[in-house]
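>
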Amino acid sequence: MRPFDTGHEDLIHDVAYDFYGRHVATCSSDQHIKVFKLNKETSQWELNDSWKAHDSSIVSIDWAAPEYGRIIASASYDKTVKLWEENLDQDECSGRRWNKLCTLNDSNGSLYSVKFAPAHMGLKLACIGNDGVLRMYDALEPSDLRSWTLTSEIKVLPSPPANHLQSDFSLSWCPSRFSTQKIAVCVLEQALIYQKGKDNKFHVAARLPGHKGLIRSISWAPSIGRWYQLIATGCKDGKIRIYKITEKLKDNQTSSSVSNDELNNPDQQDNNNNNNNNYNNTNLNENDIDKNALQSILEVELLSEHDDHQSEVWSVSWNLTGTILSSTGDDGKVRLWKSTYSNEFKCMSVISAQQ
Amino acid sequence: MYQSTEELLMNPDSLGFVDDYDSKSKEDNDESMEDSSMEDILPNGEVLLRLTSSRKYQPLKSDELGKRLKFKLSPNSLQNFAYFTEDKMTDLYPFRLPKLNDSPAFINYVSKLFEIYDSMGNDRIYSVQTIGLINSTFEQNHIETVNLAMEAVVTELEVYIDSLNDTSKYSNIDKVLELEESLTILNCLKLFHFTLDYPTANNRNGTDYNIRGIFISGLINWINRSDGEPNSEYIEQIFGISTETEVFILPIFWKLVNQLLLRGLFDQAIGCIERSGFLPFLGKTCKVSSNAILDLIELLKKYPIDSDESSFREWKSLTLELAQMFSNTETSVSGELRDHIEDTLLLISGNQHKILYYSNTWYESVSGFLLYYIPTMELIDEYLQLSLQSKPLDVTNNWEQSCVDIIKGDIYSILPVLESLDTCTAAFSAAICHAKGLLENNIGSLQDVMIDDEVTIAEDLFSPKNGMASYLLSSFAFELCSLGNRAVWPVAIGLITLTPTLTTSCKKTAISELMHHYPFETNDDIEWMLSVCAKWKLPHVATSLFTKLGSSMIYEGKTIEAMTNFSKAGKFDLVKDYSWTLFEASAINGRPLDDEILNAIVTNKENDEMFLSEDIVNNLVTGAMRQTLAPYAVLYKFYQAKEREFWEEALALLVTLIEFQYLPSYYLILLMAKFLYPIYLIDNSKKVSEKTVISVIDVIEKRWDSNDDKCQNVYQAILDHSHDTNDEVLAKLLPDNLDELLILIRQKLSYKLCQEFM
Numbered sequence: 001m002r003p004f005d006t007g008h009e010d011l012i013h014d015v016a017y018d019f020y021g022r023h024v025a026t027c028s029s030d031q032h033i034k035v036f037k038l039n040k041e042t043s044q045w046e047l048n049d050s051w052k053a054h055d056s057s058i059v060s061i062d063w064a065a066p067e068y069g070r071i072i073a074s075a076s077y078d079k080t081v082k083l084w085e086e087n088l089d090q091d092e093c094s095g096r097r098w099n100k101l102c103t104l105n106d107s108n109g110s111l112y113s114v115k116f117a118p119a120h121m122g123l124k125l126a127c128i129g130n131d132g133v134l135r136m137y138d139a140l141e142p143s144d145l146r147s148w149t150l151t152s153e154i155k156v157l158p159s160p161p162a163n164h165l166q167s168d169f170s171l172s173w174c175p176s177r178f179s180t181q182k183i184a185v186c187v188l189e190q191a192l193i194y195q196k197g198k199d200n201k202f203h204v205a206a207r208l209p210g211h212k213g214l215i216r217s218i219s220w221a222p223s224i225g226r227w228y229q230l231i232a233t234g235c236k237d238g239k240i241r242i243y244k245i246t247e248k249l250k251d252n253q254t255s256s257s258v259s260n261d262e263l264n265n266p267d268q269q270d271n272n273n274n275n276n277n278n279y280n281n282t283n284l285n286e287n288d289i290d291k292n293a294l295q296s297i298l299e300v301e302l303l304s305e306h307d308d309h310q311s312e313v314w315s316v317s318w319n320l321t322g323t324i325l326s327s328t329g330d331d332g333k334v335r336l337w338k339s340t341y342s343n344e345f346k347c348m349s350v351i352s353a354q355q
Numbered sequence: 001m002y003q004s005t006e007e008l009l010m011n012p013d014s015l016g017f018v019d020d021y022d023s024k025s026k027e028d029n030d031e032s033m034e035d036s037s038m039e040d041i042l043p044n045g046e047v048l049l050r051l052t053s054s055r056k057y058q059p060l061k062s063d064e065l066g067k068r069l070k071f072k073l074s075p076n077s078l079q080n081f082a083y084f085t086e087d088k089m090t091d092l093y094p095f096r097l098p099k100l101n102d103s104p105a106f107i108n109y110v111s112k113l114f115e116i117y118d119s120m121g122n123d124r125i126y127s128v129q130t131i132g133l134i135n136s137t138f139e140q141n142h143i144e145t146v147n148l149a150m151e152a153v154v155t156e157l158e159v160y161i162d163s164l165n166d167t168s169k170y171s172n173i174d175k176v177l178e179l180e181e182s183l184t185i186l187n188c189l190k191l192f193h194f195t196l197d198y199p200t201a202n203n204r205n206g207t208d209y210n211i212r213g214i215f216i217s218g219l220i221n222w223i224n225r226s227d228g229e230p231n232s233e234y235i236e237q238i239f240g241i242s243t244e245t246e247v248f249i250l251p252i253f254w255k256l257v258n259q260l261l262l263r264g265l266f267d268q269a270i271g272c273i274e275r276s277g278f279l280p281f282l283g284k285t286c287k288v289s290s291n292a293i294l295d296l297i298e299l300l301k302k303y304p305i306d307s308d309e310s311s312f313r314e315w316k317s318l319t320l321e322l323a324q325m326f327s328n329t330e331t332s333v334s335g336e337l338r339d340h341i342e343d344t345l346l347l348i349s350g351n352q353h354k355i356l357y358y359s360n361t362w363y364e365s366v367s368g369f370l371l372y373y374i375p376t377m378e379l380i381d382e383y384l385q386l387s388l389q390s391k392p393l394d395v396t397n398n399w400e401q402s403c404v405d406i407i408k409g410d411i412y413s414i415l416p417v418l419e420s421l422d423t424c425t426a427a428f429s430a431a432i433c434h435a436k437g438l439l440e441n442n443i444g445s446l447q448d449v450m451i452d453d454e455v456t457i458a459e460d461l462f463s464p465k466n467g468m469a470s471y472l473l474s475s476f477a478f479e480l481c482s483l484g485n486r487a488v489w490p491v492a493i494g495l496i497t498l499t500p501t502l503t504t505s506c507k508k509t510a511i512s513e514l515m516h517h518y519p520f521e522t523n524d525d526i527e528w529m530l531s532v533c534a535k536w537k538l539p540h541v542a543t544s545l546f547t548k549l550g551s552s553m554i555y556e557g558k559t560i561e562a563m564t565n566f567s568k569a570g571k572f573d574l575v576k577d578y579s580w581t582l583f584e585a586s587a588i589n590g591r592p593l594d595d596e597i598l599n600a601i602v603t604n605k606e607n608d609e610m611f612l613s614e615d616i617v618n619n620l621v622t623g624a625m626r627q628t629l630a631p632y633a634v635l636y637k638f639y640q641a642k643e644r645e646f647w648e649e650a651l652a653l654l655v656t657l658i659e660f661q662y663l664p665s666y667y668l669i670l671l672m673a674k675f676l677y678p679i680y681l682i683d684n685s686k687k688v689s690e691k692t693v694i695s696v697i698d699v700i701e702k703r704w705d706s707n708d709d710k711c712q713n714v715y716q717a718i719l720d721h722s723h724d725t726n727d728e729v730l731a732k733l734l735p736d737n738l739d740e741l742l743i744l745i746r747q748k749l750s751y752k753l754c755q756e757f758m
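Residue numbers (the UniProt record's numbering), protein chains in the order written: chain A, 1 to 355; chain B, 1 to 758.
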């Protein structure tokens with residue numbers, strides 16, 4: 001298969017597929033969004049439209065579930081999230097094919113990530129940026145997509161990171177409809193799972209330990225056919241980590257091996273890590289966790305840790321069924337990981353981008 | 001007499017081997033050649049691939065590091081993207097996951113294997129009857145069914161390989177080689193585990209199986225298809241070595257003849273001897289040797305492939321007799337030539353030493369033992385041990401170790417190998433092995449003794465407790481679902497349905513999650529999807545489907561059809577919202593919408609022009625729609641009355657709408673500004689009853705809100721529309737804002753009240 005030029009005039013930051021993988025949207029530092037459509041006959045990607053969408057670099061893009069229409073959300077360093085809807089009455093490649101539905105401008109810092117929640121949670125999105133605040137918005141009137149309400153605002157970082165430091169933020173929703181609403185949030189070198197509690201608010205439910213650098217990417221695996229969840233992270237420390245998350249009802253708490261100490265004192269385990277990092281001023285105050293608000297507790301197990309890239313890991317991504325994980329690194333290679341019969345993740349293929 | 005090598009040899013083409021590249025095709029297929037050389041195996045066993053099909057498209061220089069490379073897996077495994085977050089690197093690199101296939105030939109192969117597995121019925125599960133009425137033929141019938149299923153799988157694999165060879169052979173060369181290895185493993189598996197236990201009588205089909213015949217044919221087929229040796233070029237080389245010396249003088253010739261004999265290629269061995277001119281030579285030089293060779297040829301022609309064991313014993317005694325006689329007789333030929341003849345005679349009489357000596361590989365030795373020594377499985381371990389001691393297995397290919405494992409009875413270890421070659425073949429083969437009882441059988445035995453944790457684990461489709469076959473079947477089903485090809489979905493869902501698991505709830509949850517991703521396109525797809533939802537009781541999947549359908553129809557402008565689907569999805573808020581949207585669009589335009597379906601629905605009339613029968617309308621209109629479209633129906637009647645200038649009737653209908661308790665306040669503004677004020681209040685000739693005036697005043701008092709954003713938006717839309725359509729009358733009548741309009745309406749209502757009083 002041959003590569004094709006997107007036509008972007010600056011860095012491409014994010015690429016997102018629609019629900020069926022028939023369209024792909026790209027966003028760039030050139031402040032443009034481009035949408036490509038897969039021609040089924042030729043298996044070629046064709047430009048659907050391209051338009052200037054923000055006043056600064058666009059760093060994250062996502063598609064809403066098809067139940068809600070053809071909608072894209074984009075997040076930018078200009079501190080806004082914008083929502084776009086395809087207008088079939090406009091010609092393709094006219095620059096007017098996608099109409100802006102609304103602009104969400106509550107953030108006080110550059111935004112890094114925007115993700116729509118899975119369809120069963122309703123038309124909802126979450127975003128996070130440099131101000132360290134996780135915001136969730138809901139379209140409360142399904143037929144009026146211009147009207148979005150800020151339904152949740154969670155201060156994940158006590159204070160924003162210093163401007164001179166490198167920072168990264170990412171999000172990934174739990175896609176399972178058979179599980180309580182959850183979202184994995186990465187801020188700098190911390191990865192947390194927020195879960196909807198009895199009070200309909202999101203609370204920290206678990207923490208993914210072990211990261212020794214900025215978390216560059218997080219991906220929550222579809223859990224089709226599995227009774228547990230899998231989350232993968234890609235980290236600046238050169239490692240891919242795969243976590244197994246088991247949800248247990250609180251009544252069974254004694255029979256599970258959930259470590260409350262770990263929830264309360266996450267830094268204890270990573271004490272050594274934090275001794276040398278530059279983010280001590282941004283450590284999370286886990287003592288604020290209201291465990292009583294949660295209906296279930298999460299057991300987190302680091303299933304495997306791989307340093308095959310031997311360099312900074314840039315992205316992790318699961319396939320449709322959560323059976324294959326991809327990872328990329330500074331080594332110029334894509335690695336494909338698959339779980340074996342004995343439930344171990346093994347690298348099945350290495351794809352080299354080098355000549 | 002055989003005149004050429006072509007006649008001498010088995011036809012390798014008929015066995016489906018892939019042709020080697022010739023230099024011309026290499027040039028012609030430069031890119032596909034690059035494709036085929038894409039794979040490399042790293043020292044740790046990982047497969048190394050290039051991101052692009054050609055080295056020239058690779059984005060990074062050799063050993064270039066430090067670039068922000070990213071990769072996104074698509075819902076469609078054939079269309080993933082790699083990209084760089086780097087300056088001047090704005091290309092997307094499409095990449096399909098390795099070893100995935102969505103060709104028509106593959107889909108046909110998958111469908112055929114699924115049919116075979118599905119048709120096994122209850123025989124998909126291995127069970128030993130221990131209680132209840134034990135049927136004596138049950139086990140025999142089960143064995144027969146499972147063996148036939150394995151045979152059918154092998155046949156389908158052969159057909160699939162042939163179809164790949166028939167089409168674009170060069171682009172498929174890697175795949176064909178992998179399938180050939182799979183076939184060799186399956187041929188071996190079938191030979192040693194799905195052949196010898198065929199019931200000989202009283203079977204379901206009434207067929208009396210010739211087990212020895214099936215076994216020997218299978219043996220010959222297995223080893224000859226495995227490597228295609230000796231190949232035609234090699235044979236031609238032997239016959240062309242020297243024109244000065246007769247070929248039969250050469251030891252290599254006899255090595256070849258004996259190799260053919262070890263492989264059960266009797267006709268080919270006879271052909272070689274005949275083509276060599278050995279018989280005419282012996283006819284002139286040695287009558288004894290000539291007779292021995294003629295007897296050898298006769299014996300080979302009568303090798304009892306299809307006969308019973310007693311025939312083999314008779315045949316073997318004749319070979320021993322011939323070998324003995326030749327050894328004890330003086331001949332005119334001497335030295336090496338006599339030794340060659342004697343070796344060949346000893347080999348076919350089952351001499352262990354000669355069998356091992358003339359075998360190039362361990363499997364030729366095994367074949368030699370089974371063909372000429374004692375054809376029994378009781379000695380197979382010994383045969384294998386002797387063969388491997390003499391000729392170690394080749395670890396550079398996948399199939400030899402697997403075949404050794406199969407002969408030793410270790411089926412588990414071959415499954416990962418099969419999976420690495422072809423997931424489809426591996427899954428169905430494992431399933432049939434499971435049915436044969438060759439793999440573990442947790443199903444049933446564990447169900448009764450599961451404790452809490454085990455119950456949870458059993459809820460996992462991939463739980464080890466469900467067994468290796470279940471794991472491979474489920475994995476393959478998932479792989480099919482990620483191909484983005486809806487044609488394979490019925491097979492995928494069928495596979496999950498048939499997968500042997502401890503509980504069915506794990507299947508239900510898996511199917512319910514998967515079905516959300518079914519890439520439906522046609523009405524047939526939707527029907528199939530709904531049938532799966534009905535079978536597995538998955539209402540939320542059907543809800544999601546109808547919502548998606550409704551949403552896509554909104555984009556196509558099919559609002560009524562969209563509302564029908566939203567109704568079926570239970571999205572009544574959406575049905576209500578879109579009904580009001582239709583109402584608003586009509587009211588702002590001041591006339592019925594140009595939608596014949598909608599108007600047929602609200603008038604309950606059949607539309608002959610559009611062939612809208614009552615049935616069609618009834619199918620489209622749900623109960624929720626009848627309710628939510630009621631305001632539009634009243635508005636439609638209002639238009640009709642107005643058209644006919646039945647002003648009183650029209651006013652009554654309008655007031656009905658204004659008084660409607662669920663009428664949103666912004667539509668009160670719409671009705672007042674668009675109809676009541678310009679048609680009735682301004683026109684002094686049109687009377688409005690006191691009761692009506694009081695009623696309208698009451699509604700205004702309760703619900704008029706000039707400050708409400710939506711009310712203002714609606715009013716602005718009316719003003720804009722009047723300007724856009726050059727409705728100067730209305731434009732002049734309506735003031736700029738709602739407060740002023742309210743004052744005017746109040747004044748006019750007062751006047752109407754006075755008029756009525758006067």
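Ideal Cβ placement from N, Cα and C applies to all residues, glycine included.
Is T323/A helix, strand or coil by DSSP?
T323/A falls in the coil class under three-state DSSP.
> For R68/B, return the contacting residues in chain A, with the cut-off set at a CB-CB distance below 7 Å.
Within 7 Å Cβ-Cβ: W314.
> Just to make sure I have the definition right: I need the residues of chain B whose C-beta is within less than 7 Å of the C-beta of D131/A. Which are they?
The premise fails here: D131/A is roughly 22 Å from chain B at the closest Cβ pair, so nothing lies under 7 Å.
> State yes or no: is the C-beta of S219/A within less than 8 Å of the C-beta of V316/A?
A contact, by the Cβ cut-off of 8 Å.
> Looking at the structure shown, is C27/A part of a helix, part of a strand, or coil, going by DSSP?
Three-state DSSP puts C27/A in a strand.
> Given a cut-off of 8 Å, decide if T344/B and L294/B are closer than it, judged by their beta-carbon atoms.
No, these two residues do not count as a Cβ contact at 8 Å.
> Check whether the segment 76-90 of chain B touches the segment 401-416 of chain B, counting contact only when three or more Cβ pairs, one atom from each stretch, lie closer than 8 Å.
No contact exists between the segment 76-90 of chain B and the segment 401-416 of chain B.
> So is E67/A in contact with chain B if we call contact Cβ pairs under 8 Å?
Taking Cβ atoms only, chain B reaches closer than 8 Å to E67/A, which makes this a yes.
> From the DSSP output, in three-state form, read off C286/B for me.
Here C286/B sits in coil by DSSP.
> Run through chain B and tell me which residues come within less than 7 Å of H306/A, C-beta to C-beta.
Result: empty, since nearest Cβ-Cβ is about 12 Å, beyond 7 Å.
> With 8 Å as the limit, tell me which residues of the segment 118-130 of chain A have their beta carbon closer than that to any beta carbon of chain B; keep them in chain order.
Answer set for the segment 118-130 of chain A: A119 and H120.
> Taking the alpha-carbon positions, what's the Q269/A to V300/A distance?
A caution first: Q269/A carries a pLDDT of 40, below 50, which makes its placement in the model too unreliable to give a value.
> Got a sec: is the Cβ-Cβ distance from G213/A to anything in chain B below 8 Å?
No - not a single Cβ of chain B is within 8 Å of the one on G213/A.
> Within 10 Å of its beta-carbon, does M120/B have 16 or more other beta-carbons around it, so buried, or fewer, so exposed?
Buried is the call here.
> Can you tell me whether H353/B is buried or exposed? The criterion is at least 16 other CB atoms within 10 Å of its CB, across all chains shown.
Result: exposed.
> Which chain A residues are close to H517/B, counting only those with a beta carbon under 8 Å from its beta carbon?
Within 8 Å Cβ-Cβ: F19, Y20 and L320.
> Does the Cβ of S339/A have 16 or more other Cβ atoms within 10 Å, making it buried, or fewer, making it exposed?
Its Cβ being crowded by 16 or more others within 10 Å, S339/A is buried.
> Is Q229/A close to chain B, meaning its C-beta is less than 8 Å from at least one C-beta of that chain?
No, its Cβ sits nowhere closer than 8 Å to a Cβ of chain B.
> Inspect the CB distances between the segment 167-187 of chain A and the segment 201-219 of chain A and report whether three or more fall short of 8 Å.
Segments in contact, yes.
> Do the segment 639-658 of chain B and the segment 619-630 of chain B touch if we need at least three Cβ pairs shorter than 8 Å?
No, the segment 639-658 of chain B does not touch the segment 619-630 of chain B.
> State yes or no: is the C-beta of H340/B within less than 8 Å of the C-beta of W254/B?
Cβ atoms of H340/B and W254/B: closer than 8 Å.
> With 8 Å as the threshold, decide whether the Cβ of Q295/A is near any Cβ in chain B.
No, its Cβ sits nowhere closer than 8 Å to a Cβ of chain B.
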